[in-house]
Amino acid sequence: MKTRIHNVINANVTTFGPWLLRLTLFLTFSAFLSVHFSSISLSQDIDMEEIFRCSPSAEIGPEECSEARDLILNSCTLCHAFVPIVLQQFDRSGWDGLFDRHADRSPELSADQIEDMKSYLAANFNPSIDPPDLPTYLLDLWTSY
Ligand code: HEC
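Listed below in structure tokens is the structure:
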């Protein structure tokens, strides 16, 4: 009985083996292509400089902007995409409230770093400036939290 089962399994492996191998290779190749092409279209569609804009003001200059942007991209995208941040149009007290609600979420950030991010966000993402144009696949991440 044991031998018979063994033979049946062996026969199946021999018959389907090459097909399985071809199917696996085909699927692997398709997966590679789709990842490859989606990353190409990603880099073509979005301009991070435009999305993470910087309107230099008395409060915040280009250098502070780029520091704040780096902090946001490194610390604020662990749980959700950057999308809800740039679509938010808070005034200064709105951003204060957001950081209060998020107080325990990024414990590694210093008070100065938080202050820099608040100033950057309040100067560039507020009720008087339209949110940046985002492609649909990024808008779909709006509520990614
Ligand atoms: C530890 C996880 C975590 C990290 C890190 C995090 N967030 Fe969030 N964020 C959330 C969750 C969960 C929500 C959903 C609403 C809520 O619970 O506050 C959210 C929602 C938001 C929203 C939209 C909703 C709202 O309350 O206005 C914004 C804007 C936002 N986060 C900004 C930030 C910024 C800026 C940082 C970096 C300083 C950050 N988040 C880091 C978890 C996180």
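The C-terminal residue of the sequence shown carries number 152 in the working numbering, and the numbering is unbroken.
Yeah, the Cβ is synthetic: ideal placement off N, Cα and C, and Gly gets one too.
- Rounded to whole angstroms, Glu66 and Asp111 show a C-alpha spacing of 26 Å.
- For Lys125, same chain residues with a beta-carbon under 8 Å away, outside a window of 5 residues either side, are Arg99, Trp102, Asp103, Phe106 in chain order.
- DSSP places Glu66 in no alpha helix (DSSP H); its state is neither H nor E.
- Between Glu57 and Pro139, the beta carbon gap of about 6 Å places them in contact (Cβ cut-off 8 Å).
- When DSSP states are grouped into helix, strand and coil, Thr143 belongs to the helix group.
- The residues Gly104, Leu105, Leu128, Ala129, Phe132, Asn133, Pro134, in chain order, have a CB closer than 8 Å to that of Phe97 in the same chain once the five nearest residues on each side in sequence are set aside.
- DSSP places Phe106 inside the alpha helix (DSSP H), whose first and last residues are 99 to 108.
- Annotated three-state conformation of Ala130 is helix, per DSSP.
- Looking from the CA of Leu116, the closest CA among Cys83, Val93, Gly68, Leu34 belongs to Cys83.
- In this structure, Leu148 lies near Val90, with their beta-carbon atoms less than 7 Å apart.
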